[in-house]
Amino acid sequence: MRWVSAQKSSAPKVQTSIAEVWELRWKNGRRIYFSFIPEKKILLLLGGNKNGQDKDIRKAKSLLKKYTT
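Numbered according to numbering that gives the first Met the number 0, the sequence shown spans residues 0 to 68.
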């Protein structure tokens with residue numbers, strides 16, 4: 000797997016009231032959740048697969064909330 004420069008327009012946003020959580024998807028169902036943080040560039044929150052997507056999104060939001068408060 001190779002890292003491709005992620006731009007906000009190329010990754011779907013997961014709705015959250017805390018901050019923006021973005022998701023990158025691969026064809027095999029794997030996903031990573033991240034956020035753009037001022038002065039930090041990109042904060043990687045969590046990785047997972049399609050089967051645990053709902054749980055992973057909740058965990059990513061929780062991690063971002065802890066990091067930003």
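Backbone N, C-alpha and C define an ideal beta-carbon position, used for all residues, glycine too.
Worksheet item: DSSP state of N50, grouped into three classes?
Response: Translated into the one-based positions of the sequence shown, residue 50 becomes position 51. N50: helix per DSSP, three-state reduction.
Practice prompt. Decide if G47 is buried, meaning its Cβ has at least 16 other Cβ atoms within 10 Å, or exposed.
Written response: As a first step, residue 47 is located in the sequence shown; it is residue number 48 there, counting from the start. It is buried - the Cβ of G47 has at least 16 other Cβ atoms within 10 Å.
Worksheet item: With a CB to CB cut of under 8 Å and the five nearest residues on each side skipped, what residues in its chain are close to V20?
Response: Your numbering for residue 20 matches position 21 in the sequence shown. Excluding sequence neighbours, V20 sits near K12, V13, Y32, F33, S34, L44, I56, A59, K60, L63.
Practice prompt. Check each candidate in Q52, D53, P37, K54 and name the one with the smallest Cα separation from T67.
Written response: For the purposes of this step, residue 67 is taken as residue 68 along the sequence shown, with counting starting at 1. Here the closest residue by C-alpha is P37.
Fill in: Residue range of the beta strand (DSSP E) that includes W25
As a position in the sequence shown, residue 25 is number 26, starting the count at 1. Taken as a continuous stretch (DSSP letters only), W25 belongs to no beta strand (DSSP E), as it is neither H nor E.
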